[in-house]
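For reference, the structure discussed in these notes is given below.
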Amino acid sequence: MSLFSIFDVAGSSLAAQNIRLNTTASNLANAESISSSTEQTYRARQPVFGQVLAAYDSAPGVSAVRVLGVVESQAPLRQEYQPDHPLANEEGYIFKPNVNVVEEMANMISASRAYQNSIEVMNAAKQMMLRTLSLGE
Amino acid sequence: MAQFWNQALGIHEQALNLFGRRARILASNLANAETPHYKARDIDFRRALARAGSDTVALRHTHAAHMDVMGGSGGGAVLYRQPTQPALDGNTVEPHVEKAEFLQNAIRYQASLHFLGRKFKGLKLAIKGE
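As given, the protein sequences belong to chains D and G, one line each in that order.
Residues in the first sequence are numbered consecutively from 55, following my numbering.
Residues in the second sequence are numbered consecutively from 97, following my numbering.
Written out as structure tokens, the structure is:
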């Protein structure tokens with residue numbers, strides 16, 4: 055039945071949004087991970103989504119989502135002068151991650167809404183299929 | 097026999113196929129709501145159904161990967177939606193629009209199913225003659 059591919063497509067979206075939520079959680083958790091050099095400092099991570107043809111459906115217009123990769127943000131790190139800090143380098147600087155907490159919160163809300171949308175699509179497709187199965191009864 | 101079924105069931109059989117196809121396309125749109133450069137797609141349902149109902153001349157497909165000629169038979173081409181507010185990353189999916197269309201499509205699908213079910217009931221009644 056052709057409607058089965060909806061589960062494939064919506065499922066790929068769930069997986070992608072799940073990865074996005076995971077990276078957001080990681081970014082928020084590490085928002086204040088201080089270190090003493092630029093190399094060791096945590097950098098914000100973001101997944102990159104791409105479209106891919108659904109595995110069991112080659113019809114035109116039907117495509118699933120795939121996470122092409124997770125990239126690290128190139129934004130500058132936050133450098134602060136705190137000579138008393140135990141992790142300060144010789145010049146007295148510490149480095150904070152380039153995580154933008156406000157951006158991450160918006161990302162989190164967007165991801166969870168998209169997740170909910172996909173669940174609703176799945177439920178609607180399930181209803182449609184169950185009704186089709188009971189056709190003529 | 098095939099003609100009998102076509103006459104007995106009317107347009108709803110083709111409509112169900114098209115609703116199913118449209119549901120898959122709209123589900124892809126919703127799944128790709130955050131994908132950069134993804135363009136929302138849809139089919140022109142009225143034209144597709146008019147095509148599916150009438151006996152139009154079609155090009156023969158000799159391979160599964162062959163595409164329909166634009167405007168040919170087979171239920172209409174997949175078009176691109178005109179967005180009212182495209183995103184900065186080139187994505188033209190507007191989740192609220194797609195969701196409304198998807199739900200509408202699901203309800204229409206169930207309506208067609210209901211009509212088909214009733215037709216089967218009528219046929220059963222006619223066969224039994226009670």
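Where is the CB? At the ideal position from N, CA and C, for every residue including glycine.
Under the three-state DSSP convention, the category D:Y147 falls into: DSSP places D:Y147 in the strand class (E or B) of the three-state scheme.
Exposed unless 16 or more other CB atoms sit within 10 angstroms - verdict on D:P130: Classification for D:P130: exposed.
G:P182 beta carbon near the ligand GDP (any heavy atom closer than 7 Å): In terms of ligand content, the structure shown is empty, and the ligand GDP therefore cannot be addressed.
Validate contact between the segment 122–138 of chain D and the segment 148–155 of chain D using beta carbons, cut 8 Å, 3 pairs: The answer is yes - the segment 148–155 of chain D touches the segment 122–138 of chain D, with three or more Cβ pairs under 8 Å.
CA-to-CA distance, D:D62 to D:R74, given in whole angstroms: C-alpha separation (whole angstroms): 19 Å.
Ordered list of beta strand (DSSP E) runs contained in the segment 167–226 of chain G, each at least 3 residues: Counting only unbroken stretches of 3 or more residues, the beta strand (DSSP E) elements lying wholly within the segment 167–226 of chain G are 174–176, in sequence order.
8 Å contact criterion, which D:G115 and G:I121 should meet: CB distance rounded: Between G:I121 and D:G115 the Cβ distance is about 4 Å, and since that is below 8 Å, they are a contact.
G:I203, buried or exposed, once every other Cβ within 10 Å from all chains shown has been counted against 16: With fewer than 16 other Cβ atoms within 10 Å, it is exposed.
Close Cβ partners of G:E194 (< 8 Å) along its chain, the five nearest in sequence each way excluded: Only L122, N125, L126, A129 and A136 meet the Cβ criterion.
Own chain, CB closer than 7 Å to D:M162, minus 5 neighbours either side, in chain order: Here the set comprises L75 and T78.
Beta carbon proximity, G:G218 to chain D, threshold 8 Å: For G:G218, the nearest beta carbon of chain D is not closer than 8 Å to its own beta carbon.
Buried versus exposed, by CB contacts within 10 Å (16 or more), G:T180: Its Cβ having fewer than 16 others within 10 Å, G:T180 is exposed.
Three-state class that DSSP yields for G:L126 in the structure shown: Looking at G:L126 - three-state DSSP - the assignment turns out to be helix.
Residue nearest to G:F211 in terms of C-alpha spacing, selected from G:H192, G:R118 and G:I107: Answer by Cα proximity: G:I107.
Residue of D:P137, D:E174 and D:L189 minimising C-alpha distance to D:A64: Nearest option by C-alpha distance: D:E174.
Within chain D, partners of G:F211 - CB distance below 9 Å: Going along chain D, no residue has its Cβ under 9 Å from G:F211, so there is no contact; the nearest lies around 11 Å.
Cross-chain neighbours of D:I163 in chain G, by beta carbon under 8 Å: Within chain G, no residue comes near D:I163; the closest Cβ sits about 12 Å away, beyond 8 Å.
Top-ranked residue by Cα proximity to G:T131, from D:K180, D:M176, D:A168 and D:M183: The shortest C-alpha separation from G:T131 is found at D:A168.
Per-residue DSSP class, three states only, for D:I173: Helix, per DSSP.
Beta-bridge pairing of D:F103 - partner residues as DSSP gives them: DSSP lists D:V121 as the beta-bridge partner residues of D:F103.
Residue-chain proximity (D:M182, chain G), Cβ-Cβ < 8 Å: It does: the Cβ of D:M182 has a partner Cβ on chain G nearer than 8 Å.
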